[in-house]
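A quick write-up on the structure given underneath.
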Ligand SMILES: C[S@@+](CC[C@H](N)C(=O)[O-])C[C@H]1O[C@@H](n2cnc3c(N)ncnc32)[C@H](O)[C@@H]1O
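Residue numbers (the numbering used here): 429 to 840.
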């Protein structure tokens, strides 16, 4: 019976149940049947076809809401810089789809303020298929899990204490509008097009056919010179649909048209510091780029100077971001040979192998990254997802548990 419901979920929201593991869907169905006091699975399946409210409840129960502020930080630096260079006449329209519980959309607002934009110069829509996530986004009270990593200086400038956690200040809140909507249901979007569209960490839950459908929906939602940002494991897809890489390391950003390319600075800006809050509204300098290698765990001493290794790593990232996954694998292997093993190169190699559909190789690379840096969160997340897709749910759960412990220890 869950087979029929899994099919319904795939047709409605694109969810490939193998990507989250069948136990997730099975458990959600059991819980919802209990809540509806329905004991017969066939009756519940029929109930789903007539009750859009119950279908929404089931969707709320199966989606993965995992998100946090400034996830993949370079994406926010890049989009704000792109917006500054290609400022349209009207306010810049940004869409976060899926926005989950709102962290991504609010991060865009903070990044835009940090880049010197004023409130009337941009507006952000946050859309997600889960009504529960949208309610959380509108409530906008966040706990420790929404603040991960070590660059949390934005917390002091943009948040205030509220009962149960921290809430973005009013200036940030009023930049974002949320609504429930399905990427595959055009109803949610009307005729609106966007200058910047974040569709991150959603395509990984779809099969190939639905990924193609999703990309064509995203294309329709973007203005002709728009910018699309995807998640790290999704970077191979936009190029297959005619998008052009923005070639900005670790932003996973793509353009609809070559004409609007914003060149990344030679050393990309990473972390804005002491940038103004919307109350102040003026821009301040950005910190220089810090290489991502060497941040985690027992990295082996490089055989070449760190600066060279870092440059070479950036080259791999740039090619990977451009979606040239085969070439990125070759360059990553050459990097390994020249500079020796590091968690970061194995993680990157895993990402490009993953994007290339080479799951066993990708799993091996993620494991090597985790051997060198046992607390490498991104490697933990991606390996867990991969194992789940391969049907190894015990392995995926063990990694999820490990990730939880890492986050707890670091206060994330
Ligand atoms: C892992 S979160 C990603 C959130 C955020 N973009 C990020 O990268 O942190 C995935 C979200 O996709 C939403 N989602 C799943 N299918 C969707 C669909 N067809 N249309 C819109 N949102 C969807 C889920 O409700 C969930 O909140």
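C-beta: ideal position from N, C-alpha, C; glycine also.
Work out the CA separation of residue 486 and residue 454 for me, nearest whole Å. The residue you call residue 454 lines up with position 26 of the chain shown. The residue you call residue 486 lines up with position 58 of the chain shown. Note on geometry: alpha-carbon atoms of residue 454 and residue 486 lie some 11 angstroms from one another.
Would you kindly work out how many angstroms separate the C-alpha atoms of residue 669 and residue 806, rounded to a whole number? To locate residue 669, count along the chain shown from 1; it is residue 241. To locate residue 806, count along the chain shown from 1; it is residue 378. Looking at the two C-alpha atoms, the distance is approximately 26 angstroms.
Take residue 812 and list the residues in its own chain whose beta-carbon comes closer than 6 angstroms to its own, dropping the five residues that flank it on each side. If you number the chain shown from 1, residue 812 lands on position 384. Excluding positions up to five away in sequence, the list reads 824, 827 and 828.
Can we count residue 477 as close to ligand 1, meaning its CB is less than 7 angstroms from some heavy atom? Numbered from 1 along the chain shown, position 49 holds the residue referred to as residue 477. Incorrect: residue 477 has no Cβ contact closer than 7 angstroms to ligand 1.
Using the C-alpha atoms, what's the distance from residue 465 back to residue 665? Here residue 665 corresponds to residue number 237 of the chain shown, with the count starting at 1. Here residue 465 corresponds to residue number 37 of the chain shown, with the count starting at 1. Cα to Cα, residue 665 sits roughly 42 angstroms from residue 465.
Cβ of residue 573 within 7 angstroms of any heavy atom in ligand 2? Looking at this structure, you won't find ligand 2 anywhere; what it does contain is ligand 1.
How far does the alpha helix (DSSP H) with residue 469 in it reach, from first residue to last? In the chain shown, the residue the question calls residue 469 occupies position 41. Taken as a continuous stretch (DSSP letters only), the alpha helix (DSSP H) holding residue 469 covers 469 to 478.
Meets three-Cβ-pair contact criterion under 8 angstroms: the segment 537 to 555 and the segment 475 to 484: no
In whole angstroms, give me the CA-to-CA distance for residue 533 and residue 510. Along the chain shown, one-based indexing puts residue 533 at 105. Along the chain shown, one-based indexing puts residue 510 at 82. Their Cα atoms are separated by approximately 17 angstroms.
Enclosing beta strand (DSSP E) for residue 588 [first to last residue]: Here residue 588 is taken as the residue at index 160 of the chain shown, counted from 1. Residue 588 -> beta strand (DSSP E) spans 587 to 590.
For residue 603 and residue 672, believed in contact at Cβ under 8 angstroms, the rounded distance: For this step, residue 672 is matched to residue 244 along the chain shown. For this step, residue 603 is matched to residue 175 along the chain shown. In fact, because the Cβ distance is near 28 angstroms, the residues do not count as touching under 8 angstroms.
Consider the C-beta atom of residue 564 and the heavy atoms of ligand 1; say whether any pair is separated by less than 7 angstroms. Walking along the chain shown from the start, residue 564 turns up at place 136. The answer is no for residue 564.
Which first and last residues belong to the alpha helix (DSSP H) in which residue 816 is found? For this step, residue 816 is matched to residue 388 along the chain shown. Residues 805 to 817.
Give the DSSP-derived three-state secondary structure of residue 541 in the structure shown. By 1-based counting over the chain shown, the position of residue 541 is 113. The answer is helix: DSSP assigns residue 541 an H, G or I state.
May I ask whether a heavy atom of ligand 1 can be found less than 7 angstroms away from the beta carbon of residue 535? Counted from its first residue, the chain shown places residue 535 at position 107. No, Cβ of residue 535 sits at least 7 angstroms from all heavy atoms of ligand 1.
For a test of your reading of the model: does the CB of residue 526 fall under 7 angstroms from any non-hydrogen atom of ligand 1? Yes or no. Taking the chain shown and counting its residues from 1, the one referred to as residue 526 is at position 98. Between ligand 1 and the CB of residue 526, the shortest heavy atom gap is smaller than 7 angstroms.
For residue 754, count neighbouring Cβ atoms within 10 angstroms of its own Cβ and tell me buried if that reaches 16, exposed if not. One-based indexing of the chain shown puts residue 754 at position 326. With a 10 Å radius around the Cβ and a threshold of 16 neighbouring Cβ atoms, residue 754 comes out exposed.
Roughly how far, in whole angstroms, is the beta-carbon of residue 517 from the beta-carbon of residue 540, given that I think they are within contact range, below 8 angstroms? Locating residue 517 in the chain shown gives position 89, where the first residue counts as 1. Locating residue 540 in the chain shown gives position 112, where the first residue counts as 1. Residue 517 to residue 540, Cβ: 17 angstroms. No contact.
With which residues is residue 459 paired in a DSSP beta bridge? For this step, residue 459 is matched to residue 31 along the chain shown. Per DSSP, none; premise fails for residue 459.
Under 7 angstroms: does the beta carbon of residue 657 sit that close to some heavy atom of ligand 1? Reading the chain shown from its first residue, position 229 is the one you call residue 657. Not so, every heavy atom of ligand 1 lies at least 7 angstroms from the Cβ.
Going by C-alpha to C-alpha distance, which of 743, 513 and 449 sits closest to residue 772? For this step, residue 772 is matched to residue 344 along the chain shown. The residue with the shortest Cα to Cα distance from residue 772 is 743.
Below 8 angstroms CB to CB, which residues in the same chain sit around residue 745 once its five sequence neighbours on both sides are set aside? Start at 1 with the first residue of the chain shown, and residue 745 comes out as number 317. For residue 745, where only same-chain residues beyond five positions count, the Cβ hits under 8 angstroms are 677, 678 and 776.
Compute every distance between the C-beta of residue 491 and the non-hydrogen atoms of ligand 1, then say whether any falls below 7 angstroms. Translated into the one-based positions of the chain shown, residue 491 becomes position 63. For ligand 1, at least one heavy atom lies less than 7 angstroms from the Cβ of residue 491.
Do residue 535 and residue 387 count as a contact pair if the criterion is CB distance below 8 angstroms? The structure shown does not extend to residue 387, since the chain is modelled only from 429 to 840, so the question has no answer here.
So which of 609, 740, 621 and 658 has the shortest CA-CA distance to residue 649? Taking the first residue of the chain shown as 1, we reach residue 649 at position 221. That would be 621, whose Cα lies nearest to the Cα of residue 649.
Any idea which residues DSSP pairs residue 604 with across the strands? Translated into positions along the chain shown, residue 604 becomes position 176. Paired residue(s): 552.
Could you check which residue in 555, 627 and 737 has the C-alpha nearest to that of residue 644? The residue you call residue 644 lines up with position 216 of the chain shown. Selected option, being the one with the closest Cα: 627.
For my contact list, residue 737 and residue 780 are in at a C-beta cut-off of 8 angstroms; report their separation, rounded to the angstrom. Position 309 of the chain shown, counted from the first residue, corresponds to residue 737. Position 352 of the chain shown, counted from the first residue, corresponds to residue 780. Their Cβ separation, rounded to whole angstroms, is 18 angstroms, which puts residue 737 and residue 780 out of contact at 8 angstroms.
Any non-hydrogen atom of ligand 1 within 7 angstroms of residue 467 CB: The residue labelled residue 467 in the question sits at position 39 within the chain shown. Not so, every heavy atom of ligand 1 lies at least 7 angstroms from the Cβ.
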